[in-house]
Amino acid sequence: MIAPILQMSNIGSQLTEAFAGLDRTEELMNLPLEEDPLRRTLALPDIRGEVKFEDVSFSYEEGKKILNNINFLAPAGSVTALVGSSGSGKTTISGLVASFLNPDSGKITVDGIDLQQISLDSYRSQLGVVLQDDFLFEGTIRENILFSRPDASPELVDNAVRAAYVNEFTDKFELGLDTMIGERGVKLSGGQRQRLAIARAILADPKLLILDEATSSLDAESEHYIQASLKELLKGRTTFVIAHRLSTIRQADQILIIEQGEIVEKGKHEELIAQQGRYYDLYTYQARI
């Protein structure tokens, strides 16, 4: 009788977990749709990628502004770096660019069109995002790369693999691109997972790209390969880089220094160093370290 009694007690705990999961699922299902078909009526053709912020303000809670009257222009094909301390608003700006968030006031335009009038499908199909800790699923390296563009030809996959230097480590595997990587890519190192995410973005071929510090907490060899693959990824794309290591954004077309939700400095690396302001302080502090 002991075994059935133990099984019954286990069933009780499983039911408790199941009900908690049902509550979370119901909460998710009841969220309003992100797409607003009445307002987002414009389907974008192929975009050039010019992004403009006009007096954009945003707050997560009423009365607590995260961004205050942000103004800047990111020309098509340019690289814009966002620099600042934690909580300054860098990630919020990237979230607004990706249309994960909507501004409280002001306007964000893409090629002169109000972003809030553009259908999300037509916009995000031309948007790429490479996060510091990108999501990889259990499967082969090839399947993970194809996630962004399942119908891509083998030639396009091979091009993306070479451009992101993924072949540098897959050539050493017995099964190459058909090697299983485990849940969340546990069988790969941090640098290998990052290059896999970059290859995925290259295959998607987006016109707009958001990079959340791709080289932090990596060894020197991995950083070298990732810097080389990023150079390939950035060609001809409007790119927003959230940077913590300032050495990674010296070649940006413009650097925006964000502090307390405002742009306090703007310009190229050499111009900002010459001003000896906030960017100069950050750069020289990291150089001493």
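Residue numbers (our numbering): 1 to 289. Idealized CB from N, CA, C, for every residue including glycine.
Straight-line CA distance for residue i to residue j?
{"i": "Ala274", "j": "Leu256", "result": "15 Å"}
{"i": "Arg40", "j": "Ile242", "result": "28 Å"}
{"i": "Thr284", "j": "Leu233", "result": "28 Å"}
{"i": "Glu34", "j": "Leu115", "result": "14 Å"}
{"i": "Tyr175", "j": "Val97", "result": "As written in the sequence, residue 175 is Leu, which differs from the Tyr given in the question. In a straight line, the C-alpha of Leu175 is about 39 Å away from that of Val97."}
{"i": "Ile198", "j": "Ala74", "result": "22 Å"}
{"i": "Ile5", "j": "Gly12", "result": "11 Å"}
{"i": "Pro80", "j": "Pro32", "result": "Per the sequence shown, residue 80 should be read as Thr rather than Pro. Straight-line Cα distance between these residues: approximately 32 Å."}
{"i": "Gly112", "j": "Ala18", "result": "49 Å"}
{"i": "Val186", "j": "Thr25", "result": "27 Å"}
{"i": "Ser189", "j": "Glu143", "result": "18 Å"}
{"i": "Leu156", "j": "Arg162", "result": "10 Å"}
{"i": "Ser9", "j": "Asp23", "result": "22 Å"}
{"i": "Glu138", "j": "Ser59", "result": "37 Å"}
{"i": "Glu265", "j": "Arg278", "result": "8 Å"}
{"i": "Gly267", "j": "Glu27", "result": "44 Å"}
{"i": "Ser217", "j": "Met1", "result": "In this prediction, Ser217 has a pLDDT of 49, which is less than 50 and means its spatial position is unreliable; what the coordinates show is noted afterwards. Whole-angstrom Cα-Cα distance: 55 Å."}
{"i": "Asp158", "j": "Ser125", "result": "21 Å"}
{"i": "Gln286", "j": "Lys52", "result": "30 Å"}
{"i": "Pro150", "j": "Gly261", "result": "39 Å"}
{"i": "Arg48", "j": "Phe173", "result": "39 Å"}
{"i": "Pro37", "j": "Tyr280", "result": "46 Å"}
{"i": "Val129", "j": "Pro45", "result": "20 Å"}
Return the Cβ separation of residue i and residue j in integer angstroms, given the expectation that the two are a contact with Cβ distance under 8 Å.
{"i": "Leu246", "j": "Leu282", "result": "6 Å"}
{"i": "Tyr165", "j": "Arg195", "result": "6 Å"}
{"i": "Arg200", "j": "Ser148", "result": "5 Å"}
{"i": "Ile263", "j": "Ile70", "result": "6 Å"}
{"i": "Arg237", "j": "Gly95", "result": "Actually they are not in contact, since the Cβ atoms of Arg237 and Gly95 sit about 19 Å apart, beyond 8 Å."}
{"i": "Ser99", "j": "Leu131", "result": "The pair is not a contact, with the Cβ atoms about 16 Å apart (cut-off 8 Å)."}
{"i": "Asp160", "j": "Leu203", "result": "In the sequence as displayed, the identity of residue 160 is Ala instead of Asp. So it is a contact: roughly 4 Å between Cβ atoms."}
{"i": "Glu259", "j": "Ser88", "result": "5 Å"}
Name, in chain order, the residues that DSSP records as bridge partners for residue i.
{"i": "Asp114", "result": "Thr109"}
{"i": "Lys266", "result": "Leu256"}
{"i": "Phe147", "result": "For Phe147, which the question treats as bridged, DSSP gives no partner whatsoever."}
{"i": "Ile70", "result": "Val56"}
{"i": "Val51", "result": "Ala74, Val110"}
{"i": "Glu155", "result": "The partner list for Glu155 (beta bridge, DSSP) is empty, contrary to what the question assumes."}
{"i": "Thr140", "result": "Met180"}
{"i": "Glu61", "result": "Lys64"}
What are the boundary residues of the alpha helix (DSSP H) that includes residue i?
{"i": "Thr91", "result": "90-97"}
{"i": "Gly12", "result": "2-29"}
{"i": "Gly120", "result": "First, the amino acid is wrong: residue 120 is Leu here, not Gly. From DSSP, the alpha helix (DSSP H) with Leu120 extends over 120-124."}
At what residues does the beta strand (DSSP E) containing residue i begin and finish?
{"i": "Val83", "result": "79-83"}
{"i": "Ile47", "result": "Element bounds for Ile47: n/a, residue is neither H nor E."}
{"i": "Leu127", "result": "127-130"}
(request) Kindly provide the ranges of any alpha helix (DSSP H) runs that are 4 or more residues long and lie completely inside the segment 168-255, ordered along the chain. (result) 190-204, 220-233
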